[in-house]
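Below is one structure; the comments refer to it alone.
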Amino acid sequence: MNRSLSGLLPGRSSQPGKRVLPGFALSLGISLFFISVVLILPVTGLIAHTAGMGWDQYWAVITDERVVASYKVTLWTAALASVINALVGLLLAWVLVRYEFPGKRIMDALVDLPFALPTAVAGITLAALFAQDGWYGQYFDLLGIKVSFTPLGIIVAMSFTSLPFVVRTVQPVLEDQAPEDEEAAVSLGASDWTVFRRILFPAIWPALLTGIGLSFCRSLGEFGAIIFIAGNMPYVSEITSLMIFVRLQEFDHAAASAIASVVLMASLLLLLAINLWQARYLRRLHGR
Amino acid sequence: MQQRRTMRAGDQPLVKWTLIGLAIITTLLMLVIPLVLIFDMAFSAGAGNYWDNLTNQYTRHAIGLTLLVAALTVPINLVFGVFLAWLVTRFEFPGRKALITLIDIPFAVSPVVAGLLYLLLYGSNGWIGSWLMDNEVQLMFAWPGIVMVTVFVTCPFVARELIPLMQQQGREEEEAGVVLGATGWQLFRRITLPNIQWALLYGVVLTNARAVGEFGAVSVVSGNIRGETNTLSLHIELLYQDYNVVGSFAAASLLAGIALITIVVKSFVEWRQARQRAPLAELSDGR
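These protein sequence lines are chains A and B, in that order.
Using our numbering, you'd call the opening residue of the first sequence number 33 and step up by one each time.
Using our numbering, you'd call the opening residue of the second sequence number 5 and step up by one each time.
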């Protein structure tokens, strides 16, 4: 920090109450106003709505058989999709960081496609690809595997929409990995697998886990890409987001908000866990 | 390019090319072929049919509404994102970290839940909605509701692009500006903006991509009234359910085009930022 100009200033900028830069009150006011109106007010609206329901009714709605089936489908498909994304993401991140080959820049750019492509577009595209006579579906059909209208279709849609998370969290950590340990290990005769297991994996797993967590969180909430391919059969391939939607179309706002409150709590807890986890491992990373 | 010739893990040609091959096959299967399919399907009934699909009355209306939503959402979130990033990177205050976490909520919340939150509050049974109803203002099942939920789901993008960058750049340059007597606007215009312009551009492009493509949240609050509250994403669903698959892919090709522009802009921004950083890295190496 010896380059810092703040030492030359009358008050150190890091001390609260002696802020050097202008705009604190204005930016605080705008940010708080926006966050209150856009984020916090609607969330409290949901809490108030469900609080008015009474515990018995609330419990009956959120433990309804069909709703519980939707939790199960959503959870296990999201978990499997995250595992697939961990493997694919690790492969792509590794290849993009470690090797030079023609088309690398294009591959790097394309990884972001699932974030940029609207989910409805992803949905109809995957549905067409995996339809029985589709480009992919016909081969799966030969093998006797049905992807469309089954939970497998849900996994495909979830893996597609959350593909970039693991790549983008692992990539920077792999880039920062100093070569010395690895070179020493290789020159002492360690196999690639040993180097990966003993040196690389311990360095990247916190980032990998963050990526998997983000991917899981996104998959739990995914809606647009899934409904086109899943077939949405109750008890079999109906996800919780759709369950909320179905209750809304039945004009049962109370039930919809009860289920939504479960989803909201789950995703906020997951978000908090990922944030705490990230803060912890960032501290460890910089504290060494 | 001076490269060390010492071996690292995975440097043997066999391992290296196997992994590259696998990555290329994965990219083709998961990303390239789906993209090709969109345009293949859109043009499968000929270019004339494609043009008719895009220029019919309902599609034109959906395009118009989608542009309107983006035109309102992007500036709102641009202003908010810049102020929030300025706040959390230029000042220390209690609750700063909590604020950074709060802004991630829209990323974690399912879009259907996001739509529902707004429907409950501003719909005809809601606290605010019933009052608005008495005053004959309808937000839900109308375009203002679509804009409101889109602002919700896209509000983190600009801030999330700016915060890490502004954190890393530090506040020394702006502080020097203050010493030299610059006003707040001059600081932003002359120092901050040139430093963050590319990240800001990418944030705007991402916000725009999500705003034109949002589906789950919008479908809860729109009411899907053809020719009135149908955005492009909703229009795609409607056509698809009408078994007009070619028409729905024609509409989808427009959104896919915007997605492609988005990733091109991202690559360009990263390339600019790498170039901006490169001379600095050389300097610090030479110390």
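Here a beta-carbon is modelled for each residue, glycine too, at the ideal position from N, C-alpha and C.
Note that the coordinates shown come from a computational prediction; the quantities given were computed from them, not determined experimentally.
In chain B, what lies closer than 8 Å to residue i by C-beta?
i: A:F233; result: Neighbours of A:F233 on chain B: none; closest Cβ ~11 Å, over 8 Å.
i: A:Y90; result: By Cβ distance, chain B contributes nothing, its closest Cβ being about 15 Å from A:Y90, past 8 Å.
i: A:D208; result: Those within 8 Å of A:D208 in chain B number zero; the least Cβ separation is about 14 Å.
i: A:M85; result: The contacting residues do not exist; A:M85 stays about 12 Å from chain B at best.
Would you report the Cα separation of residue i and residue j, rounded to the nearest angstrom?
i: A:L158; j: B:T70; result: 23 Å
i: B:F43; j: B:G251; result: 11 Å
i: A:V81; j: B:L124; result: The sequence shown places His at residue 81 of chain A, rather than the Val named in the question. Computed Cα separation, rounded: 8 Å.
i: B:R66; j: B:T196; result: Correcting the residue type first, residue 66 of chain B is Ala in the shown sequence and not Arg. Distance between the alpha carbons of B:A66 and B:T196 is about 37 Å.
i: B:P160; j: B:P98; result: 21 Å
i: A:L58; j: B:L121; result: 28 Å
i: A:G55; j: B:E178; result: 12 Å
i: B:P86; j: A:F133; result: Checking the sequence shown, residue 86 of chain B turns out to be Val, not Pro. Going by the C-alpha atoms only, they are around 38 Å apart.
i: B:T63; j: B:T233; result: 12 Å
i: B:W189; j: B:V182; result: 11 Å
i: B:Q292; j: B:R193; result: In the structure as shown, chain B begins at 5 and stops at 291. Residue 292 of chain B is therefore absent and cannot be evaluated.
i: B:F145; j: A:L123; result: 44 Å
i: A:Y131; j: B:K270; result: 21 Å
i: A:L161; j: A:Q170; result: 9 Å
i: A:C249; j: A:V105; result: 14 Å
i: B:G217; j: B:T10; result: 47 Å
i: B:V208; j: B:L82; result: 7 Å
i: A:R320; j: A:S269; result: Low local confidence applies: a pLDDT of 45 at A:R320 is under 50, so the model's placement there is unreliable, and no value is given.
i: B:F84; j: A:I67; result: 9 Å
i: B:M45; j: A:M85; result: 48 Å
i: B:A213; j: A:L145; result: 11 Å
i: A:A141; j: A:F283; result: 43 Å
i: A:L304; j: A:M297; result: 10 Å
i: A:F340; j: A:R315; result: Not covered by the structure: residue 340 of chain A. The range shown for chain A is 33 to 320.
i: A:A311; j: B:T105; result: 11 Å
Can you pull the chain B residues whose beta carbon is under 9 Å from the beta carbon of residue i, in chain order?
i: A:T151; result: P115, G217, E218, F219, G220 and S237
i: A:Y313; result: Under the 9 Å cutoff, chain B gives no residues; its nearest Cβ is about 16 Å from A:Y313.
i: A:E215; result: R8, T10, M11 and R12
Beta carbon of residue i, beta carbon of residue j: below 7 Å?
i: A:V127; j: B:I167; result: no
i: A:V188; j: A:G243; result: no
i: A:V70; j: B:V117; result: no
i: B:S237; j: A:P150; result: yes
i: B:V92; j: B:L103; result: yes
i: A:I271; j: A:A292; result: no
i: B:A89; j: B:T154; result: no
i: A:V153; j: B:A260; result: yes
i: A:V129; j: A:L206; result: yes
i: A:M190; j: A:S251; result: yes
i: A:I306; j: A:G245; result: yes
i: A:A290; j: A:Y90; result: yes
i: A:M139; j: B:T31; result: yes
i: B:G220; j: A:F255; result: yes
i: A:L280; j: A:A286; result: no
Could you tell me which chain A residues have their CB closer than 7 Å to the CB of residue i, listed as they occur along the chain?
i: B:E241; result: A152
i: B:V19; result: D224
Buried or exposed: which applies to residue i, given that a residue is buried once 16 or more other Cβ atoms fall within 10 Å of its Cβ?
i: B:Q280; result: exposed
i: B:Y244; result: buried
i: B:M170; result: buried
i: A:F65; result: exposed
i: B:P17; result: exposed
i: B:G52; result: exposed
i: B:Y206; result: buried
i: A:S102; result: buried
i: A:T61; result: First, the residue type needs correcting, since residue 61 of chain A is Gly and not Thr in the sequence shown. Exposed, since its Cβ has fewer than 16 Cβ neighbours within 10 Å.
i: B:Y126; result: buried
i: B:A278; result: exposed
At 7 Å on the CB atoms, spell out the chain B contacts of residue i, in chain order.
i: A:A239; result: What A:A239 touches in chain B: nothing, since even the nearest Cβ is about 15 Å away.
i: A:L60; result: L91
i: A:G55; result: W90 and G188
Confirm the yes/no value for this check: CB of residue i, any heavy atom of the ligand FAD, distance under 6 Å.
i: A:L240; result: As for the ligand FAD, it is missing from this structure, which has no ligand bound.
Name, please, each residue of chain A whose Cβ falls closer than 9 Å to the Cβ of residue i.
i: B:Y244; result: A152, G155, I156, A159 and F260
i: B:T22; result: What B:T22 touches in chain A: nothing, since even the nearest Cβ is about 10 Å away.
i: B:F95; result: S45, P48, R51, L53, G55, F56, S59 and L60
Below 8 Å on C-beta distance, what does residue i contact in chain A?
i: B:G251; result: Per Cβ cutoff of 8 Å: no residues; B:G251 is ~11 Å from chain A at best.
i: B:P38; result: A154, T157, L158, L161 and F192
If contact means a Cβ-Cβ distance below 7 Å, which residues of the stretch 129-158 of chain B contact chain A? Those residues of the stretch 129-158 of chain B that come within reach of chain A (Cβ to Cβ, closer than 7 Å) are N129, G130, W131, V155 and F156.
Taking beta-carbon pairs under 8 Å, can you tell me which members of the stretch 252-263 of chain A lie near chain B? L252, G253, E254, F255, G256 and F260
Just by C-beta distance, which residues in the stretch 262-290 of chain A are closer than 7 Å to chain B? S273, I276, F277, L280, H285, A288 and S289
Cβ-based contacts, 9 Å cut-off: residues of the stretch 108-129 of chain A near chain B: V120, L123, L124, W126, V127 and L128
Output, in sequence order along the chain, the residues in the stretch 56-72 of chain B whose CB is closer than 9 Å to any CB in chain A. none
Between the stretch 152-181 of chain A and chain B, which residues of the former have a C-beta closer than 9 Å to a C-beta of the latter? Cβ contacts with chain B: A152, V153, A154, G155, I156, T157, L158, A159, A160, L161, G166, W167 and Y168.
Contact list for the stretch 267-279 of chain B against chain A, Cβ threshold 8 Å: I267, V268, K270 and S271
Below 8 Å between beta carbons is the criterion; list the residues of the stretch 171-184 of chain B that meet it against any residue of chain A, in chain order. G174, R175, E176, E178, E179, A180, V182 and V183
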